[in-house]
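Residue numbers (our numbering): 7 to 267.
Using N, Cα and C, we set each Cβ at its ideal position, and we do this for glycine too.
Notes for the one structure printed next.
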């Protein structure tokens, strides 16, 4: 694809007219039209300016730089492992996970592949009889035909909520995002489609606890997602830390008791 093709695709994905994009970027609509048709070649500064207006992730900006004949300014390949991340980021992740004990915490890349997890998360997975390894995809595990369906008491509602949330996240990524393809593939399966019909996006709750039943134990969780807001590199952008917090006294007591032993 030429630079103009990429630019036009991103503008369409963000549902912006040429006039709107040109106005926000501080250039004329005529110049923007020339950039899209290839009659004008962008400078590196212009690519950065347009990328900022279109909110193009760093990992996707590389394609624009390359198409325009420049060397990408940022890494263009997302992290496939924790070791590939900058040392300061790895240290921050370690601090967050360690301080979150005795409650579960897990780290995902931008496609929700597992990068690492703390001992409490691994312990919870072990109780459920689920093996978790770096590279495993959380969306496949939660929405696919896995043991989680029999463990999560409110799986249909939580599955519908998850699909709607990921769809919203995927829209912020590029038009060719693998996350879009993954979530739509999973959403098309019979059980997930039925869950979406039963619990449409218009009926989402402000907070939806995840209810689990593992043997005689019942747990209830609410979760938060932490990201690196100042990330300007594909290795870091999209990394998420999901932290589980007890939503009832029984869950809190069980995990705090494990630490005191």
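Within the same chain, show all residues whose beta-carbon is closer than 7 Å to that of residue i, passing over the 5 residues directly before and after it, in chain order.
i, result
"residue 195", "none"
"residue 266", "Caution is warranted here: a pLDDT of 49 is assigned to residue 266, below 50, making its placement in the model unreliable, and the coordinate value is therefore given only provisionally. Cβ neighbours of residue 266 beyond the five flanking positions: none."
"residue 183", "176"
"residue 59", "27, 30, 31"
Going by the DSSP bridge assignment, what does residue i pair with across the sheet?
i, result
"residue 119", "143"
"residue 250", "229"
"residue 158", "218"
"residue 10", "Its beta-bridge partners do not exist; DSSP assigns none."
"residue 114", "120, 246"
Here's the rule: buried if 16 or more other CB atoms are within 10 angstroms of the residue's CB, otherwise exposed. What is residue i?
i, result
"residue 50", "exposed"
"residue 66", "buried"
"residue 164", "buried"
"residue 23", "exposed"
"residue 111", "buried"
"residue 94", "exposed"
"residue 101", "exposed"
"residue 213", "exposed"
"residue 181", "exposed"
"residue 48", "buried"
With a threshold of 8 Å on Cβ separation, who are the neighbours of residue i within its own chain once the five nearest residues in sequence on each side are excluded?
i, result
"residue 192", "145, 146, 149, 150, 169, 198"
"residue 109", "126, 249, 250, 251, 252, 261"
"residue 107", "124, 125, 126, 265"
"residue 12", "69, 70, 73"
Quick one: what's got a C-beta closer than 6 Å to residue i's C-beta in the same chain, skipping five residues either side?
i, result
"residue 257", "225, 226"
"residue 233", "246"
"residue 248", "112, 229, 231"
"residue 263", "none"
"residue 205", "163, 166"
Rounded C-beta distance between residue i and residue j? I'm assuming under 8 Å.
i, j, result
"residue 44", "residue 10", "5 Å"
"residue 14", "residue 27", "No, residue 14 and residue 27 are not in contact; Cβ-Cβ is about 10 Å, not under 8 Å."
"residue 138", "residue 126", "No, residue 138 and residue 126 are not in contact; Cβ-Cβ is about 12 Å, not under 8 Å."
"residue 8", "residue 69", "Going by Cβ atoms, the distance from residue 8 to residue 69 rounds to 11 Å, so no, they are not a contact pair."
"residue 133", "residue 216", "Contact flag wrong, Cβ pair sits at about 14 Å."
"residue 185", "residue 116", "7 Å"
"residue 158", "residue 218", "6 Å"
Could you tell me which whole alpha helix (DSSP H) segments of length 4 or greater appear in the region 182-247?
Within the region 182-247, the complete alpha helix (DSSP H) runs of at least 4 residues are 184-193, 196-204.
* For the region 35-63, which segments carrying the alpha helix (DSSP H) assignment without a break, of at least 4 residues, lie completely within its bounds, in sequence order? -> Whole alpha helix (DSSP H) segments, 4+ residues: 35-43, 50-60.
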